[in-house]
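Residue numbers (the working numbering), protein chains in the order written: chain A, 3 to 177; chain B, 15 to 809.
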């Protein structure tokens, strides 16, 4: 049997145009085609590489960003579709050098190994803590499960969430 | 030795802040000047001859800058010197679906993809070999005819220690079963990625997501046929490896070649599907194992016949072939062992090293059989195991030198903490507890490339501001070796972690470390860093002595230890640069702490910074070196070097499960782990490694399986290849398991791989305690649990 790999050539160079998105509090411009995802736009056009490309299929969660305050998978969103929305990436979470309490707890609790899922864990966690200061264990597990982590077994990450809740409520604080 | 300042404290990884801020740069986060995008055309056939390759239409596409095919590479490569059998791009034939057959570099990713569609390759499809059993019989066309065989056998190892026949004959209890293990894969979150920068002199800077920068360096020079000095390998932050990035890879060769031929920077980044279809996961395995047990003596013999499915190429497979058998020598006394392992080439993605490499599947079989034997003999499964654990400082019949063993106390403590005696055999139907143990190497004593070099080398420089910089080729893959290196220097020099910088994994700047595999870096690079710091400490003490007008202490080389070897055994051969295991570096009467260098006896001191300047002012530059070299170990027979390690970790797990007899669903509720990694250098890191091992072991035990059909990976995505989530991860209880290790840095051993293997049989044994069935097929999916229950019910 003989087979060949012949297939029609795709038409490269789709119509691209300048797109302005509000990212981390400021208007930022880049070039986007009709098929450019938000993740591509953030990483390739704006150089915001904190959002990670782990699968491009909405399965690993590593590309999570906040869109109008809600966590979304930026690999499944078209950049052009979120014009007018407020986008927050991991680069926009800390206030200057002051980490978000969850970021600090992730560091303190050893919740970070390779760090590839870390930005998305933080993004989803920030959303959780915006909704409740004292999430239940199941709420934490559900939140953490939005992102694939292969290093930690999730135990230390969950602990970071618990510690964050304790610190936010004024309990604990000391390890 | 005086008390420790940093070692033993919970230290967050030194780069955690970068990671949590999204600033840590992984390979694909690096921004080169106008890189070309690389796309790889992959074989749609599992087995075919390549009859013709026509790239002319693709080359004519505007924006396409370079195309490479198999004709552009003369040399094959492989991580092991003994099986360099993989081409960067398939040349005359393809051996698995997804094998690279051509690659394009173009101005945009869309253009590169469009160009791939214009490449015409004519194949002549040939017979596939997908079943390793079939591959052991004569085949019309072996995958690798160069081996001169009429079948697809890659490697056979057949080893005897002691007298297995006599051991089995004398055993009151003999158990035997056949086990099968599905392929599983690393499933790291960061896809493979490589970027290559080329300068005007044709020098390449290769940024790659690799666990083995040094091996990549050597392989790339050979494959590209350019000298090593023209290649600089840099490993940026790396998003998980687990063994899956521990080979040199075709895409790395392809990217570098395209950079050379185009004179442009290039970038390649895998899709998740590409990661799955070219994964180097754990070998699918079938094994028949027989185990003899005598309550008075313990395990009297093990006889194992093992077939592992290697896939298309060698990778680490020869090592896997050995490890499947030789790692049965622990953690229990075993004088009579025979195993035969055969690795067979098949038309599937190659299998290689994965966390717990080679020791995981055979460990399952041994621990399940041992459990059966203990139950038959009426011996408590925990106590029976405790009675057989290797004693410290023994030499095994296969030549392994066992140094420290803390497992006995650890398992006893795990029994107490888990409530074993109240639970084993006493929980209601559907609930059960199970135990299993394991051991693992702390780095391979033998080099892949035979030479007399150290395993790890570190350079340490002193700066005028009183800080130091550690230069090491070790590859941090998330396990935290960068932090360990900094801890070693800080501890020895009595300074803070913020006074230590690390420059790592850059073949231009850092001395050689062999890489992050075989659980070696903390042990070996840690020792090297520690030794470099000890030498630096001596320079500083000498400078302080000059300032204080004191005589320099006389530093003597310690005598190599050896008295713990049994009479008549040969001693290890310590080389001349051996500083001794954990030299007692502050026995010189000085203390470096709190910014002072102090002579303890007199109380006289100088500020640390003054000693630094005194040491540095005259030479203007100061550096020290540290090395780690394993003692020479083992016998001289063929294969004697496999599995030799300067020390071994030991692990025990007690797990509690709930089995739903209606659905067959197994939930692991609690895992109590005793892991002997010697001194716990960094509790946060060790805890993270053990919990990560539990996650990965749990996945292999209950759900993970790369499904192949007709050579196609059927579940090449995270949606279809299920790994445990936070909901499946059990509560974890870690119990202290101290041991008196002399060889590791500050007495440390490995903690990143050993804990993976025993959790899987511990789950199987707990299922038996819960519902009375023995599962021999892994993963222990609900349908298999149900089938076993039905079979047991029918019997």
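Using N, Cα and C, we set each Cβ at its ideal position, and we do this for glycine too. Source: prediction; values computed, not measured.
When you compare the CB of residue i with every CB in chain A, is at least one pair closer than 8 Å?
| i | result |
| --- | --- |
| residue 709/B | yes |
| residue 27/B | yes |
| residue 253/B | yes |
| residue 30/B | yes |
| residue 282/B | no |
| residue 737/B | yes |
| residue 304/B | no |
| residue 205/B | yes |
| residue 851/B | Here chain B comprises residues numbered 15 to 809, so residue 851/B is not present and cannot be evaluated. |
| residue 579/B | Confidence in residue 579/B is poor, its pLDDT being 40 and thus under 50, which makes the residue's placement too unreliable to answer from. |
| residue 278/B | no |
| residue 699/B | yes |
| residue 806/B | no |
| residue 646/B | no |
| residue 14/B | Any answer about residue 14/B is impossible in this case: the structure gives chain B only from 15 up to 809. |
| residue 731/B | yes |
| residue 264/B | no |
| residue 447/B | no |
| residue 24/B | yes |
Does the beta-carbon distance from residue i to residue j come in below 8 Å?
| i | j | result |
| --- | --- | --- |
| residue 368/B | residue 324/B | no |
| residue 810/B | residue 287/B | The structure shown does not extend to residue 810/B, since chain B spans only 15 to 809, so no value can be given for it. |
| residue 657/B | residue 340/B | yes |
| residue 659/B | residue 418/B | no |
| residue 252/B | residue 40/B | yes |
| residue 803/B | residue 692/B | no |
| residue 665/B | residue 768/B | yes |
| residue 449/B | residue 395/B | yes |
| residue 494/B | residue 699/B | yes |
| residue 777/B | residue 669/B | yes |
| residue 455/B | residue 549/B | no |
| residue 546/B | residue 473/B | yes |
| residue 312/B | residue 185/B | no |
| residue 57/B | residue 133/B | no |
| residue 272/B | residue 52/B | yes |
| residue 330/B | residue 265/B | no |
| residue 792/B | residue 196/B | yes |
Counting only C-beta atoms, is residue i closer than 8 Å to chain B at any point?
| i | result |
| --- | --- |
| residue 77/A | no |
| residue 66/A | no |
| residue 96/A | yes |
| residue 44/A | no |
| residue 56/A | yes |
| residue 25/A | no |
| residue 49/A | yes |
Can you tell me which of the options puts its alpha carbon nearest to the alpha carbon of residue i?
| i | options | result |
| --- | --- | --- |
| residue 119/B | 241/B, 259/B, 283/B and 107/B | 283/B |
| residue 615/B | 85/B, 628/B, 601/B and 462/B | 601/B |
| residue 31/B | 154/A, 158/A, 120/A and 147/A | 120/A |
| residue 281/B | 133/B, 380/B, 267/B and 508/B | 267/B |
| residue 696/B | 765/B, 77/B, 539/B and 733/B | 765/B |
| residue 707/B | 732/B, 721/B, 319/B and 737/B | 737/B |
| residue 214/B | 274/B, 181/B, 247/B and 159/B | 274/B |
| residue 34/B | 91/A, 141/A and 170/A | 91/A |
| residue 645/B | 97/B, 17/B, 484/B and 414/B | 414/B |
| residue 773/B | 100/B, 373/B and 366/B | 373/B |
| residue 161/A | 103/A, 132/A and 71/A | 103/A |
Leaving out five residues on either side along the sequence, give the residues of the same chain with a beta carbon under 6 Å from the beta carbon of residue i.
| i | result |
| --- | --- |
| residue 558/B | 611, 620 and 625 |
| residue 24/A | 88 |
| residue 233/B | 91 and 262 |
Identify, in the order they occur along the chain, each residue of the same chain with its Cβ nearer than 7 Å to the Cβ of residue i, setting aside the five sequence neighbours on each side.
| i | result |
| --- | --- |
| residue 18/A | 33, 34 and 35 |
| residue 510/B | 504 |
| residue 400/B | 422, 425 and 426 |
Going by beta carbon distance, what residues of the same chain come within less than 8 Å of residue i, once the five residues before and after it are set aside?
| i | result |
| --- | --- |
| residue 23/B | 696 and 697 |
| residue 43/A | 21, 23, 32, 34 and 81 |
> Listed from N- to C-terminal order along the chain, which residues in the segment 116–143 of chain A have their beta-carbon within a distance smaller than 7 Å of any beta-carbon of chain B?
Replying inline: Residues are counted here when their Cβ sits less than 7 Å from a Cβ of chain B; for the segment 116–143 of chain A these are 116, 117, 118, 119, 120, 121, 124 and 143, given in chain order.
> Which residues, taken in chain order from the segment 146–174 of chain A, show a beta carbon closer than 9 Å to some beta carbon of chain B?
Replying inline: Listed in sequence order: 146, 147, 149, 150, 151, 152, 153, 154, 155, 156, 157, 158, 159 and 160.
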